[in-house]
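> Sharing a structure below in structure tokens format, with a few things to ask.
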DNA sequence: GCCGTTTTCGGCCCGACTGTTTTCAGTCG
């Protein structure tokens, strides 16, 4: 049993205890224990087998015994007993916003509701609103929550699919009959939300590749498959399409299946204007006029297509159309074709351009890695600096730091900085923007940090005017270096709070406040759609992982993808600056030179 | 269920918001 699996089991126990209405501190103990395991750096299984669990703070006699059973036998009688006391679907009720363990328990006990479908029916027949503690508004909210869940179910977050997507490509690449293979679709374009995965590969033996694909591990169901095309459902219901083409068709197939549709349409129109024809089957010169019934039979189409123009890769197709190469992230028909025409495609920022980052948490607030572990991980990634920005005191739920603990952390950072060579920790804070736009710390305390990330964590229900005023006021502060996750959205979970982003962007440009591109896969906030315009107004972007664990520094890569999608260049991203230059940049807004 | 100690049991993170209720419980961050 891996550590991650054990953590999952502990959390499952905690949830089930909540549902049973047990002492809330008991379930909290299981969650605390799960967090304690998460921070463990040693090899989990040997650690448990060596009987070292009792050294871990947060794991006492009771949980230790259950963990040992889990590791030695792979199961837990206690957990199975808990599971047996509820239908499996009851746990899913907790996914509906506004439904916690107490209400879910009432629904199950009083109305016998066992899953979301039954809950929906009960709300529609107004049986829920009659329960004590429930009312018409709750019924409405539950129905809206179920609807939202349904509409999200078909989508997946980019960040959640990276591992799986890369694995699929590697597996195909290793196949002896595969010549070239790539991901396509919206995933290749770096969209934050994707519906399915598209794979394109070239081979002279498509059947053998197809067979390998549909029988590979992780495929739950084969929806359909022929000689060149297959659709399968992977675990979690994610659909994955594979196209296999002869190698000379590969560039056009990849271009076609990468999209976007709008980009493809624009490219085709351009081809037609040049007396050419572009389709998934290839690029052709002097196409014959299409038959009047507009039929799309592929063989007939190829025959009618005219003389093929051989292109070795996508770049040659663009070249043939008189365009500079357009990176997949930009293929949304949002000006990239015009830019490619006049050779104005920017050199987009790359992961290796990053020299450091800000906005990371440690065990001092709600992070799971220590200051030392974070610094170590940053150096292992080759970064020159790392900014620590734990929560401020108003974020009780996140164990925010008060003035005294801030002082201690700053001292700790100074001490650690004395031990580094060519690396520096910056002392920052993720300071709450309070309801009236004031900051959670006094100016003198804010001045003691190297930088300040200002973020909204509460009062999401303010009107757009209030929220905008609140954030603008915070940005006016000379101590606020950057605005954290500007819209507070959680992809597929929570809508952004209402805020006038144009005003925020203008204010950022005027005050010299950086805007964060929060690279947490759930956030990816500010959205890529705003960055091109923000950049043109002179706003600087800072890509931050919002890491709560040392391994989450890797989120930076996802952030860079989104920055690329937002047309950002190296010079638009502050944390591509070297340590020396970034030190000056951090002082600029405070009037300290730079 | 864990921790720390007043070493045998009490405290465990807190405040705002929503929708219910008519003074507050449940949920959320």
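Numbering (the numbering used here), first residue to last: 632 to 1225.
Glycine included, each C-beta is placed from N, C-alpha and C at the ideal position.
None of these values were measured; they are calculated from a predicted model.
#1: Work out the CA separation of residue 1138 and residue 1103 for me, nearest whole Å.
#2: In whole angstroms, give me the CA-to-CA distance for residue 1133 and residue 1089.
#3: Please report the residue range of the beta strand (DSSP E) in which residue 1059 lies.
#4: Kindly indicate which residue of 655, 1007, 1062, 1220 has the alpha-carbon position closest to the one of residue 1033.
#5: Out of 1051, 1018, 1147, point me to the one whose CA is closest to residue 1086's CA.
#6: In its own chain, which residues sit with a C-beta less than 7 Å from the C-beta of residue 1221, not counting the 5 before and 5 after it?
#7: Of the residues 680, 870, 671, which one's Cα is nearest the Cα of residue 785?
#8: With distances taken from CA atoms, which of 644, 838, 760, 1038 is nearest residue 717?
#9: So, are the CB atoms of residue 856 and residue 997 less than 9 Å apart?
#10: Counting along the chain, where does the beta strand (DSSP E) carrying residue 1169 start and finish?
#11: Just list the residues that DSSP pairs residue 1148 with in beta bridges.
#12: Does residue 633 pass the burial test, meaning 16 or more other C-beta atoms within 10 Å, or should it be called exposed?
#13: With a threshold of 6 Å on Cβ separation, who are the neighbours of residue 803 within its own chain once the five nearest residues in sequence on each side are excluded?
#14: In the structure shown, what three-state DSSP assignment does residue 1227 receive?
#15: Kindly indicate which three-state DSSP category residue 688 falls into: helix, strand or coil?
#16: With burial defined as no fewer than 16 other Cβ atoms inside 10 Å of the residue's Cβ, what is the status of residue 1219: buried or exposed?
#17: Could you tell me the boundaries of the alpha helix (DSSP H) in which residue 646 lies?
#18: Can you find at least 3 beta carbon pairs, one from the region 683-693 and one from the region 1016-1028, that sit closer than 8 Å?
#19: Could you spell out where the alpha helix (DSSP H) holding residue 949 opens and where it closes?
#20: With a 10 Å radius around its C-beta and 16 neighbouring C-beta atoms as the bar for buried, classify residue 748 as buried or exposed.
#21: Throw me the rounded Cβ distance for the residue 964 and residue 893 pair, which I believe falls under 8 Å.
#22: Using only the alpha-carbon positions, how far apart do residue 649 and residue 707 sit?
#23: Which two residues bound the contiguous beta strand (DSSP E) that contains residue 833?
#24: Per DSSP, which one or two residues make a beta bridge with residue 988?
#25: Tell me which same chain residues have a C-beta within less than 8 Å of the C-beta of residue 762, skipping the five on either side of it?
#26: Run through DSSP, which three-state label would residue 822 get?
#27: Within 8 Å: the Cβ of residue 1193 and any heavy atom of the ligand SAH?
#28: Among 1190, 1173, 999, 1049, which one has its Cα closest to the Cα of residue 662?
#29: If you count every other CB in all the chains shown that lies within 10 Å of the CB of residue 974, and 16 or more means buried, which is it?
#30: Can you look up residue 730 in the DSSP assignment and give me helix, strand or coil?
#31: Below 6 Å CB to CB, which residues in the same chain sit around residue 873 once its five sequence neighbours on both sides are set aside?
#32: From the DSSP output, in three-state form, read off residue 1153 for me.
#33: From 1042, 1005, 778, 816, pick the residue whose C-alpha is nearest to that of residue 1176; which is it?
#34: Measure the Cβ-Cβ separation of residue 1144 and residue 1124 and say whether it is below 9 Å.
#35: Just checking my contact of residue 825 with residue 881 at CB under 8 Å: how many whole Å lie between their CB atoms?
#36: Using alpha carbons as the reference points, say which of 794, 1119, 778, 1191 lies closest to residue 1162.
Inspection of the coordinates gives the following:
#1: 7 Å
#2: 22 Å
#3: 1055-1063
#4: Residue 1062 is the option with its Cα nearest to residue 1033.
#5: 1147
#6: 1109, 1110
#7: The shortest C-alpha separation from residue 785 is found at 870.
#8: 644
#9: no
#10: Taken as a continuous stretch (DSSP letters only), residue 1169 belongs to no beta strand (DSSP E), as it is neither H nor E.
#11: 1174
#12: exposed
#13: 809, 812, 832
#14: Absent from the structure is residue 1227, since the part of the chain shown begins at 632 and ends at 1225.
#15: DSSP places residue 688 outside both helix and strand once states are collapsed to three, so it counts as coil.
#16: exposed
#17: 634-651
#18: no
#19: 945-951
#20: exposed
#21: Confirmed, Cβ separation roughly 4 Å.
#22: 18 Å
#23: 827-833
#24: 1017
#25: The beta carbon of residue 762 lies closer than 8 Å to those of 737, 738, 741, 742 in the same chain, with the five residues before and after it left out.
#26: Assigned with DSSP and collapsed to three states, residue 822 falls in coil, not helix or strand.
#27: Absence of the ligand SAH is noted for the structure shown, with no ligands found whatsoever.
#28: 999
#29: exposed
#30: coil
#31: 830, 844, 861
#32: coil
#33: 1005
#34: In this structure, residue 1124 does not lie closer than 9 Å to residue 1144 by Cβ.
#35: Residue 825 to residue 881, Cβ: 22 Å. No contact.
#36: Selected option, being the one with the closest Cα: 1191.
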